[in-house]
Amino acid sequence: MSTNPDLGTRETVARRDAYRCVRCGQPADAAWDGHSIHHRRLRSHPWPGLHEPANLITLCGSGTTGCHGHVHAHPAEAREHGWIVSAHQDHPETVPVLTASHGWVLLDQDGGWIPCDRDGRPTGLTIDQLTRLKAMNWQDSDAE
Numbered sequence: 000m001s002t003n004p005d006l007g008t009r010e011t012v013a014r015r016d017a018y019r020c021v022r023c024g025q026p027a028d029a030a031w032d033g034h035s036i037h038h039r040r041l042r043s044h045p046w047p048g049l050h051e052p053a054n055l056i057t058l059c060g061s062g063t064t065g066c067h068g069h070v071h072a073h074p075a076e077a078r079e080h081g082w083i084v085s086a087h088q089d090h091p092e093t094v095p096v097l098t099a100s101h102g103w104v105l106l107d108q109d110g111g112w113i114p115c116d117r118d119g120r121p122t123g124l125t126i127d128q129l130t131r132l133k134a135m136n137w138q139d140s141d142a143e
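Given below as structure tokens:
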């Protein structure tokens, strides 16, 4: 298994996050050299969904600097805000993420997001988002 997501997945995640740091909202510009893609379920806990969009967020800095460094240095806070998920969580799409741009959201495997409350209950859904959410829930219940 590769230690990094492929270029297409990285672009999907960066586009979903509007080329901004999820935590602070800083845009990807001259002050921020490139994208820093963070694994919510950490790479040290490999599993088949490691490089899926729902497990990835854009953060400024590296694993030791900026918001990416902050997330790794403060894992309890990061778990509370969904920037890190448990090593036992095989479905990060069910764990809400606090974003600077949209508040609490659920990330999907297609590079989309659904607004939700802190507990992951969807709010203000469009018909398309509700349809996608129902499909995700039905897939999860079929797997059980």
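Numbering of the sequence shown is given in numbering that gives the first Met the number 0, commencing with residue 0 and proceeding in unit increments.
All C-beta atoms, glycine included, are put in the ideal place defined by N, C-alpha and C.
- The C-beta of Trp82 has 16 or more other C-beta atoms within 10 Å across all chains shown, which makes the residue buried.
- In this structure Val84 is in contact with Val94, their Cβ atoms being roughly 5 Å apart against a cut-off of 8 Å.
- Its Cα nearest to that of His50, the residue Gly110 stands out among Gly110, Lys133, Cys115.
- Val104 is the residue among Gly60, Gly123, Val104, Asn3 whose C-alpha sits nearest the C-alpha of His80.
- Across the structure, Arg19 and Arg9 are spaced so that their CA atoms are roughly 13 Å apart.
- Cβ contact annotation for Asp5 (same chain, cutoff 8 Å, sequence separation greater than five): His50, in chain order.
- In this structure, the alpha-carbon of Gly102 lies about 10 Å from that of Val21.
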